[in-house]
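Structure first, then comments.
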Amino acid sequence: MITLKSQDKFNQKILKKGFSKRAFAKKCGVSESAFIQISNGKQSPRPETAKKICESLNHDFDDIFEIKEKEGV
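Mapping the sequence shown onto full-length UniProt numbering, position 43 (from 1) lands on 43, and the numbers just tick up by one.
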């Protein structure tokens, strides 16, 4: 499962790039509702979505996300 390392740092990165969450979601080609869920840590992004987010922020995957084992598996 892919999760954000830090929701606060992630949101700061978006703001520093000059985007609102809505505008950044559009730039990444992700629905606003899905992006809000991802940025709040309530939804795990698909790998291709995580890649688009990283590319849009010009950061490596490991700077933003981490991979965790699903609980109960």
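Built from N, CA and C at the ideal position, the CB exists for glycine as well. In this text the structure is predicted, and so the values were computed from the model without any measurement.
Using the beta-carbon count (16 or more within 10 Å), is residue i buried or exposed?
i: residue 96; result: For residue 96 there is no data in the structure shown, the boundaries of the chain being 1 and 73.
i: LEU4; result: buried
i: PRO45; result: buried
i: ILE64; result: buried
i: LYS9; result: exposed
i: LYS16; result: exposed
Counting along the chain, where does the alpha helix (DSSP H) carrying residue i start and finish?
i: GLU66; result: Looking at the DSSP string, GLU66 is not in any alpha helix (DSSP H); the run it does join, the beta strand (DSSP E), is 65–67.
i: GLU55; result: 47–57
i: ASN11; result: 7–16
i: PHE35; result: 32–39
i: PHE19; result: First-last for PHE19: undefined, no H or E at that position.
I believe residue i touches residue j by the beta-carbon criterion, under 8 Å. Please report the beta-carbon distance rounded to the nearest angstrom.
i: CYS28; j: SER6; result: That pair is no contact at about 18 Å.
i: SER33; j: LYS21; result: 10 Å between Cβ atoms; not a contact.
Could you tell me the alpha carbon to alpha carbon distance between residue i and residue j, rounded to whole angstroms?
i: LYS68; j: HIS59; result: 19 Å
i: LYS70; j: PHE61; result: 19 Å
i: VAL30; j: ASN11; result: 16 Å
Got a sec: is the Cβ-Cβ distance from residue i to anything in chain C below 8 Å?
i: ALA25; result: No chain C is part of this structure, which consists of one protein chain only.
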